[in-house]
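One structure is given here, and the rest of the page talks about it.
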Amino acid sequence: MFPLASSNRLQAFRYQADQAYSNFQDWYHDLTPVGRRLVILYVILNILLIGTLLIVSPSRLFRALASWAIELRKSSLGPIYLIVLLSVASFPPVIGFGTLCTLCGFTYGWLWGWMVATTGCLCGSAVSFVALRHNLPRFQQWLSEKRSFAALRQAVGVKGLPLICLIRLCPFPFTYTNLFFASLTTSCTFSQFMIATAATTPKLLLHVFIGSRVFKLSAAAGLDRLTVILNIIYIICSVVLGASVSFYLYRVTMAEAGAISLEDDQRGPLLQNEESATPLPQQWEVEFEEFVVDEEDEDLNDPPPSVPLVRHGP
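Structure (structure tokens):
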């Protein structure tokens, strides 16, 4: 009985691993060439960081980072540097927004670090929303291939601001949620987007708090063993709690979106039969139709020129 149960668990684990790898492949192939290069660069940087940790002792590395953070804290332009970096990290396919929030806590502590991270989050969200909304046709094909985004689009059209806030709390990539909300030209206004972003900035406290605790560990030589152990426990508990809450919110949000999408799919054929025989618009046609103008359609919409009547003889 026990070998059979372990075998089933192993098969389930292999299946989940295969699914995760397949999803990663699909996500990677959907990226632009610039996005793929950034992902490769990010992987290389992580490999170099791990190699540095193996070669140089972690205590020496953390002390070096702490000295750099202290110098940045002394600089009057330090917050501006971090805000600019956070704004740049708000555009797809740039990555590293969460890491920069952790760096804010590492440099300024949990309170001031959260204020810097919140300012950068709001500035970056506003700029990216406006810029992406004015360049939506470039992302139309990518968005149309994302089924989860299509389901969320329908749900946002029904639920409005509460669901926008809930999506903001989910563990979706920050840059791509900015793109997603910018694409909702008929169901998400700029004011709704900024209200939802401001309302969910307390979640940045998790990244900032972890960064502040890591800074305390960098000075572990002056701390007693109990304090070091407590800081490590705080970091682990924060990561586990944040991951658990994010996963729960993700499940709730996708379930809500799936239910609304199913209702629309069931109601769609009925509306077609009752109102007209013309097919309903595709998922993203309504969102992008104001950006796509066809010259032939313009000619067809113009009134036909008046033709004088010619009277023929009897």
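Here the sequence shown is numbered in full-length UniProt numbering, starting from 1 and rising by one per residue. Quick reminder that beta carbons are idealized off the backbone N, C-alpha and C, glycines included.
Check	Outcome
Using the beta-carbon count (16 or more within 10 Å), is F227 buried or exposed?	In the sequence on display, residue 227 carries Thr and not Phe. Per the 10 Å Cβ criterion, exposed.
In terms of residues, what are the limits of the alpha helix (DSSP H) holding S218?	204-218
If contacts are defined as beta-carbon pairs under 8 Å, then I164 and C188 qualify, I think. What distance do you get, rounded to the angstrom?	6 Å
Output the distance between the C-alpha atoms of A89 and R9, rounded to the nearest integer angstrom.	39 Å
Ignoring anything shorter than 4 residues or poking outside the stretch 53-129, list the alpha helix (DSSP H) runs there in chain order.	58-74, 78-88
So C123 and L204 are in contact, right, with Cβ under 8 Å, and what is the actual spacing, rounded?	Going by Cβ atoms, the distance from C123 to L204 rounds to 13 Å, so no, they are not a contact pair.
Quick check: what's the CA-CA separation for Q192 versus V156?	11 Å
Taking the straight line between their C-alpha atoms, what separation do you get for I235 and V208?	11 Å
Just how far apart, CA to CA, sit Y15 and N135?	39 Å
Following the continuous alpha helix (DSSP H) through T175, name the residue where it begins and the one where it ends.	174-183
Using a Cβ-Cβ cut-off of 7 Å (strictly less than) and excluding sequence neighbours within five positions of G120, which residues of its own chain qualify?	L82, I83, L86, S87
Looking at the structure shown, is C237 part of a helix, part of a strand, or coil, going by DSSP?	helix
When the Cα atoms are used, what is the spatial distance from V292 to A150?	At V292 the pLDDT is 48, less than 50, meaning the model places this residue with poor confidence and gives no usable figure here.
Which residue comes first and which comes last in the alpha helix (DSSP H) that contains F190?	190-199
Quick check on Q11: buried or exposed, where buried means 16 or more other Cβ atoms within 10 Å of its Cβ?	exposed
Tell me the rounded alpha-carbon separation between Y250 and P162.	14 Å
How would you call A182, buried or exposed, if buried means at least 16 neighbouring beta carbons within 10 angstroms?	buried
Taking buried to mean at least 16 other C-beta atoms within 10 Å of its own C-beta, is W114 buried or exposed?	buried
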